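Single-structure report; data block below.
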Amino acid sequence: MSRVRERKPIESWLTDMDGVLVHEGVPVPGAPEFVNRLRSSGKPFLILTNNSIYTARDLQARLRRIGFDVPESSIWTSALATAQFLDTQRPGGTAYVIGEAGLTTAMHEVGYILTDTEPDYVVLGETRTYSFEAITAAIRLINDGARFICTNPDATGPSNEGALPACGAVAALISKATGIEPYFIGKPNPMMMRSALNSIDAHSETTAMIGDRMDTDVLCGLEAGLETILVLSGISTAADVERYPYRPSRIIPSVAHLIDEV
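Numbering (this note's numbering), first residue to last: 454 to 715.
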């Protein structure tokens, strides 16, 4: 008879941002209180996002405006994870970067030189305005031997007018033109989780990942060995869970239901 191993108590928390703490620009009810409880508990925690447009400082300011008091050091983006990965792979390297301040700042901070002349890497992130000229340059550089890195695989992003093409969609265009697939850093790559855990000196067996998407947050947490908590305040519904070959550790309506656990 198989025995389910009891998990250790949660000592560290990772949480997605959109759909978990914030929904369509407003706080999820109970989310500011949950974050306040995390801060007062002294337990290590990080707010994660696949979005590479903004710096952690930008996101801190955006969250503050809607009622969250979060230190900059408690925000972890796919841009930061990408820069950290490249710093371990090829320190002091060069890259041709398509993206906004969140990504270019992270690359500069690890000592990378941004160039369009024989770069070690082409790094694709999100931007509000993908330039055909920049995409063409990326294709030619990859054809000439640059390695292809992408901050995250999200195919679309939200806007008030509807879906926008995001990193994964543009990566597919570049891959079709070059025959080269990128290495994706962000969720659901467990690399994103491991880099987050390392940055707060946390351990997988005592960490929980809270997310609103089965295909990124839960999958990523599962593969990194974390307890996974799906909240129903964002993308995935309870019915969606049944369509996947894996399950979260728990399903709850929102992070408001976790306040007393911290």
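Ideal Cβ placement from N, Cα and C applies to all residues, glycine included.
Predicted model only: the values in this text are computed from it and were never measured.
- Taking a 10 Å sphere around the C-beta of D607, we find 16 or more other C-beta atoms and assign the residue as buried.
- Taking C-beta atoms under 8 Å as the contact rule, T604 and S531 qualify, at a distance of about 4 Å.
- Collapsing the DSSP output to three states places I688 in coil.
- DSSP links D471 through a beta bridge to V475.
- Taking the CA atoms as reference points, D522 sits about 39 Å from R600.
- In its chain, beyond the 5 residues on either side, E553, G555, E579 have a beta carbon closer than 6 Å to the beta carbon of I506.
- Listed in chain order, the non-local C-beta contacts of S686 below 8 Å within the same chain comprise G472, V473, H476, V481, D665, P706, S707, V708, local neighbours out to five positions each way being set aside.
- Between S648 and T681 the beta-carbon gap is near 18 Å, outside 8 Å, which marks them as no contact.
- For M662, the uninterrupted beta strand (DSSP E) segment begins and ends at 660-664.
- Below 8 Å, enough C-beta pairs join the stretch 628-648 and the stretch 668-675 to call them touching: three or more.
- Counting C-beta pairs with one atom in each stretch, the stretch 496-510 and the stretch 688-697 have fewer than three that are closer than 8 Å, which means they do not touch.
- For T609, the secondary structure class from DSSP, reduced to helix, strand or coil, is strand.
- The three-state reading of DSSP puts E680 in strand, counting E and B together.
- At a Cβ-Cβ threshold of 8 Å, A590 and D569 count as neighbours.
- For A590, the uninterrupted alpha helix (DSSP H) segment begins and ends at 585-596.
- By a beta-carbon distance limit of 8 Å, V623 contacts Y583. Their separation comes to about 6 Å.
- For the options V488, E459, E464, the alpha carbon positioned closest to that of M470 is the one of V488.
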